[in-house]
Amino acid sequence: MANNLPIPQDYHDFLRELKARILQAQVRAMIAVNPELVLLYWQIGRDVLNRQQQRGWGAKVIDNLAADLQKAFPEMKGFSPRNLKYIRSFAESYPDEQFVQEVLAQIPWYHNIALMEKLKSSEERL
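The sequence shown begins at 1 in my numbering and counts up one residue at a time.
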């Protein structure tokens, strides 16, 4: 402890409690952010799909988007070409936004990827 003062008797219990509260708050924050992130990914995927279908954008646009988004948001992960392809596949696999919001946004992004990779038919995934 600073200034060589004695540590209060209950200090370690207090520290343990604070650490537990901080960890719980971190978990709650991640749980709160996850639905927003999954919905954002779905919306990006839907918009990419729409542009590819309606405007003839090619697959190469994914690489350009990845580079530009990584440059614009260097602190964020998730905008690699590979993940953007997952994002597009996610929107293609689940066209119903309400279903995405109510069900799929409740599980972590990488669990959604696992569902898409392991379960090929939409019936199995649903």
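Cβ atoms here follow ideal geometry from the backbone N, Cα and C, with glycine treated the same way.
- Looking at V103, S89 and P74, the one whose alpha-carbon comes closest to that of S121 is S89.
- When DSSP states are grouped into helix, strand and coil, F73 belongs to the coil group.
- Under a 10 Å Cβ-count criterion, V27 is classified as exposed, with fewer than 16 other Cβ atoms of the shown protein chains found around its own Cβ.
- In the structure shown, the three-state DSSP call for Y41 is helix.
- Rounded to the nearest whole angstrom, the CA to CA distance from L23 to I87 is 29 angstroms.
- Beyond the five residues adjoining it in sequence on each side, R46 comes within less than 7 angstroms, by CB distance, of A91 in the same chain, given in chain order.
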